[in-house]
Every structure is written in C-alpha cells, then in structure tokens.
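Novice:
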Amino acid sequence: MIILKQKDDFQKELIKRGYSKRSFARSHGIAESTLIQISNGKQSPRPETAKRICEGLKVNFDDVFTII
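According to the numbering used here, the sequence shown holds residues 5 to 72 in order.
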C-alpha cells in the first residue's frame with residue numbers, strides 16, 4: 005500500500021508550484037476527487053497515479069510517499 009508521508013508538506017509543494025488541488029489534478033490527468041482523497045490520507049494511490057504526482061511535482065517518490 006502506498007501512502008502520503010505528510011499531508012501538509014504535499015499541500016505546500018502544490019502551492020510552491022502554483023497549483024491548487026483541482027488545477028494539479030486536471031493538468032496531470034488525475035481525477036480531482038482521487039487527488040483530494042489521497043491528500044487527505046483516505047485513499048492509497050495506484051502506482052501509476054503516484055508516479056504522475058511525483059513527476060508533476062518534480063520530486064522523488066520517497067520524498068512524498070511511503071510503502072507500507
């Protein structure tokens with residue numbers, strides 16, 4: 005299972021790059037509801053979704069997610 009490490013850090017990374025959750029989701033082919041649930045810790049992203057998020061934020065997987 006893949007989980008977000010820090011909800012607050014994720015939100016900060018979005019803001020630093022000029023995104024809202026909605027705009028990031030739309031521009032990276034992720035359903036807005038999915039991104040919101042992932043960012044709230046209520047849903048585990050599929051590996052390909054986690055990869056899109058990391059590529060969109062230009063961060064390493066281990067900076068944002070952990071596998072449990």
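Where a beta carbon is used, it is the ideal one built from N, C-alpha and C, also for glycine. Predicted model, so just to flag it, every value in this text is computed and none were measured.
What's the C-alpha gap between M5 and I71?
Specialist: 6 Å
Novice: Alpha helix (DSSP H) containing I57: first to last residue?
Specialist: P51 to L61
Novice: Using the Cα positions of S24 and K46, report the straight-line distance between them to the nearest angstrom.
Specialist: 19 Å
Novice: Report the CB separation of E17 from R26 in whole angstroms; it is logged as a contact under 8 Å.
Specialist: The Cβ separation is near 15 Å, so there is no contact.
Novice: The alpha helix (DSSP H) spanning I40 covers which residue range?
Specialist: E36 to S43
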